[in-house]
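Worksheet for the structure shown next.
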Amino acid sequence: MNWIERPSAPLKAVILVGGEGTRLRPLTYWTPKPMVPVLNRPFLEHTIAYLKNYRVNNIILALSYRPEVIQNYFGDGNNWGVQLTYAVEDNPLGTAGAVKNAERYLDNTFVALNGDIFTEIDIADMLAFHRGKKAKVTIALTWVDNPCAFGIVETDSEGKVKRFVEKPSPSRVTTNWINAGIYLLEPEVLKYVPTNTHYMFEKGLFPLLLELGEPVYGYPFSGYWLDMGTPEQYLHLNCDLLLSKAKSTLVNSLSKDDVCCDKDVIIHPSAEIVGPAVIGSKCRIEQKAYIKGPVVIGPDCHIGDSTSLEVAVLWEGVKIGAGVSLKQCIIGTNTKIEASDQVINGVVTPAHTKVAQIKNTYSW
Ligand code: GDD
Ligand code: MG
Numbered sequence: 002m003n004w005i006e007r008p009s010a011p012l013k014a015v016i017l018v019g020g021e022g023t024r025l026r027p028l029t030y031w032t033p034k035p036m037v038p039v040l041n042r043p044f045l046e047h048t049i050a051y052l053k054n055y056r057v058n059n060i061i062l063a064l065s066y067r068p069e070v071i072q073n074y075f076g077d078g079n080n081w082g083v084q085l086t087y088a089v090e091d092n093p094l095g096t097a098g099a100v101k102n103a104e105r106y107l108d109n110t111f112v113a114l115n116g117d118i119f120t121e122i123d124i125a126d127m128l129a130f131h132r133g134k135k136a137k138v139t140i141a142l143t144w145v146d147n148p149c150a151f152g153i154v155e156t157d158s159e160g161k162v163k164r165f166v167e168k169p170s171p172s173r174v175t176t177n178w179i180n181a182g183i184y185l186l187e188p189e190v191l192k193y194v195p196t197n198t199h200y201m202f203e204k205g206l207f208p209l210l211l212e213l214g215e216p217v218y219g220y221p222f223s224g225y226w227l228d229m230g231t232p233e234q235y236l237h238l239n240c241d242l243l244l245s246k247a248k249s250t251l252v253n254s255l256s257k258d259d260v261c262c263d264k265d266v267i268i269h270p271s272a273e274i275v276g277p278a279v280i281g282s283k284c285r286i287e288q289k290a291y292i293k294g295p296v297v298i299g300p301d302c303h304i305g306d307s308t309s310l311e312v313a314v315l316w317e318g319v320k321i322g323a324g325v326s327l328k329q330c331i332i333g334t335n336t337k338i339e340a341s342d343q344v345i346n347g348v349v350t351p352a353h354t355k356v357a358q359i360k361n362t363y364s365w
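Numbering (our numbering), first residue to last: 2 to 365.
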């Protein structure tokens, strides 16, 4: 990793924290999407630690959904060694509108990130590319197998963006390089974004800049990248981190068989735990329980006698009866699973006993 070189002005970041994370519902009914736990820490903490690692210490959170949850948790950012500023929207302003709402804090080149992506992109290298191209906007590009859920970005041989197609139908897919939701922007482009109006980068500002002939570039990168905004992807992110396929600056890497317990965890001697697993504080694991990682168990969970867990993420306060079998699952906060139940490829929450399906089984 390169640090952002000096003596240039320190790079500020804007993180877009809006929307309700509809595709993660009902898990995110009370929790803004970036606060969902990843290895038992709010997702946003991982993003902040990643930025801080690049000496991006001045971070503006552009918030529209349940801002108080985030503000109460992070405060001024001092405990995380960063300076946090909040730009709160009265109504959702869209991706570009949210950044416009933070314009007063932006006086130099800055990075903007979608609040639901986990990445190991080298921002310093991207910044060098941006400066080298004298770009007004540089969009990080990542290669995905199926681009239909994203925005595709066509570039010429110099990396100059030619066209965007947001959420293309299969017949409109012309490239597998997609907008990774990480941008370097010059503040002057915000003059094209209307004030206090819902306006998107993807369908508004970027196509407009192309029409105006402004230099907009794509920066392809090959490091880890994932949008955790669906149950499958969220489960995959937790598993990838447990298996060290992805690395978070916030947590030490686990090796394959590690079982990492927080304080006051009680495990019956006849229970068997095969790593990698992270177990939150005050959990109780009863006799003959069988846990096979990758598994994350949130704080205050209870795993009943002879229950088996495999590839699962349990949030806080989950109570699982005896003889239950869970595989490829996400279990929301304070959910109770009755004895002898079986949940495979599903999402369960207390308010929604109906189980949402996880479509792609995690394999490694
Ligand atoms: N503050 C604020 N206000 N943030 C918003 C708003 C808003 O009104 N609307 C969306 N956001 C935030 C979301 O919270 C998320 O962090 C980010 O903007 C992107 O929104 P998503 O709803 O997750 O969009 P997407 O995943 O379907 O598509 C976007 O990301 C893809 C990469 O993951 C697009 O940018 C695609 O082009 C891109 O490929
Ligand atoms: Mg997303």
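Built from N, CA and C at the ideal position, the CB exists for glycine as well.
Predicted, not measured: the structure shown is a model, and the values here were computed from it.
Which of the three DSSP states is assigned to A323 in this structure?
For the purposes of this step, residue 323 is taken as the residue at position 322 of the sequence shown. Here A323 sits in coil by DSSP.
Residue environment, L62, which counts as buried when at least 16 other CB atoms sit within 10 Å
Along the sequence shown, one-based indexing puts residue 62 at 61. Buried: at least 16 other Cβ atoms inside 10 Å.
Could you check which residue in E187, I153 and L17 has the C-alpha nearest to that of K134?
Here the question's residue 134 lines up with position 133 in the sequence shown. Comparing Cα-Cα distances from K134 to each of E187, I153 and L17, the minimum goes to E187.
Proximity of F207 and V174 at Cβ, strictly below 9 Å:
Looking up residue 207 in the sequence shown gives position 206. Looking up residue 174 in the sequence shown gives position 173. No, the pair does not count as a contact, with Cβ atoms beyond the cut-off.
Can you tell me the Cβ-Cβ gap for N41 and G281, rounded? I've got them flagged as a contact below 8 Å.
If you number the sequence shown from 1, residue 41 lands on position 40. If you number the sequence shown from 1, residue 281 lands on position 280. Contact between N41 and G281 holds: CB atoms are separated by about 5 Å, below the 8 Å threshold.
Start and end of the alpha helix (DSSP H) containing K163?
Reading the sequence shown from its first residue, position 162 is the one you call residue 163. For K163, there is no enclosing alpha helix (DSSP H); the enclosing beta strand (DSSP E) covers residues V162 to E167.
Do you know how far the Cα of A150 is from the Cα of Y235?
What you label residue 235 is simply residue 234 of the sequence shown in a count that begins at 1. What you label residue 150 is simply residue 149 of the sequence shown in a count that begins at 1. Rounded to whole angstroms, Y235 and A150 show a C-alpha spacing of 15 Å.
Considering only the alpha carbon of each residue, which of K204, V190 and Y200 lies closest to P216?
As a working note, residue 216 is residue 215 in the sequence shown. Minimum Cα distance to P216 is reached at V190.
What do you reckon, are the CB atoms on Y225 and L210 nearer than 9 Å?
As a first step, residue 225 is located in the sequence shown; it is residue number 224 there, counting from the start. As a first step, residue 210 is located in the sequence shown; it is residue number 209 there, counting from the start. No, these two residues do not count as a Cβ contact at 9 Å.
Do G95 and G205 come within 9 Å of each other at the CB atom, strictly closer than that value?
Taking the sequence shown and counting its residues from 1, the one referred to as residue 205 is at position 204. Taking the sequence shown and counting its residues from 1, the one referred to as residue 95 is at position 94. In this structure, G205 places its C-beta atom within 9 Å of the C-beta atom of G95.
Using only the alpha-carbon positions, how far apart do N346 and V297 sit?
Within the sequence shown, the letter at position 345 stands for residue 346. Within the sequence shown, the letter at position 296 stands for residue 297. If you take the alpha carbons of N346 and V297, they lie about 15 Å apart.
Same chain only: Cβ atoms within 6 Å of Y51, ignoring 5 sequence neighbours per side
Your numbering for residue 51 matches position 50 in the sequence shown. Correct list, in chain order: T250.
Have a look at P351, E159, G78 and F75 and flag the residue whose alpha-carbon is nearest the alpha-carbon of G318.
Walking along the sequence shown from the start, residue 318 turns up at place 317. Per the Cα distances, P351.
Relative to the C-alpha of D126, which candidate in P68, Y55 and P195 has its C-alpha closest?
Sequence index remark: in the sequence shown, residue 126 carries index 125 (1-based). That would be Y55, whose Cα lies nearest to the Cα of D126.
Name the residue from D301, C240, S307 and A136 whose alpha carbon lies nearest to the alpha carbon of L400.
Residue 400 cannot be examined here, being either before or after the span of the chain that is shown, 2 to 365.
Measure the C-alpha to C-alpha separation of I122 and F222 and round it to an integer number of angstroms.
For the purposes of this step, residue 122 is taken as residue 121 along the sequence shown, with counting starting at 1. For the purposes of this step, residue 222 is taken as residue 221 along the sequence shown, with counting starting at 1. If you take the alpha carbons of I122 and F222, they lie about 7 Å apart.
Between K264, G160 and L142, which has its C-alpha nearest I153's C-alpha?
Translated into the one-based positions of the sequence shown, residue 153 becomes position 152. With distances taken between Cα atoms, I153 lies closest to L142.
Going by the C-beta, is N147 closer than 8 Å to any heavy atom of the ligand MG?
To locate residue 147, count along the sequence shown from 1; it is residue 146. No, the beta carbon of N147 sits no closer than 8 Å to any heavy atom of the ligand MG.
Classify S309 as helix, strand or coil using the three-state DSSP reduction.
Mapped onto the sequence shown, residue 309 falls at position 308. When secondary structure is reduced to three states using DSSP, S309 falls in the strand class.
Going by the C-beta, is G333 closer than 8 Å to any heavy atom of the ligand COA?
With respect to the ligand COA, the structure shown offers nothing to examine, as its ligands consist of the ligand GDD and the ligand MG.
Confirm the yes/no value for this check: CB of I179, any heavy atom of the ligand GDD, distance under 8 Å.
By one-based count along the sequence shown, residue 179 stands at place 178. It does: the Cβ of I179 is within 8 Å (strictly closer) of some heavy atom of the ligand GDD.
Let me know the beta strand (DSSP E) ranges lying completely inside the stretch 30 to 76, each 3 residues or longer, listed in chain order.
As far as the stretch 30 to 76 is concerned, its whole beta strand (DSSP E) runs of at least 3 residues are 59 to 64.
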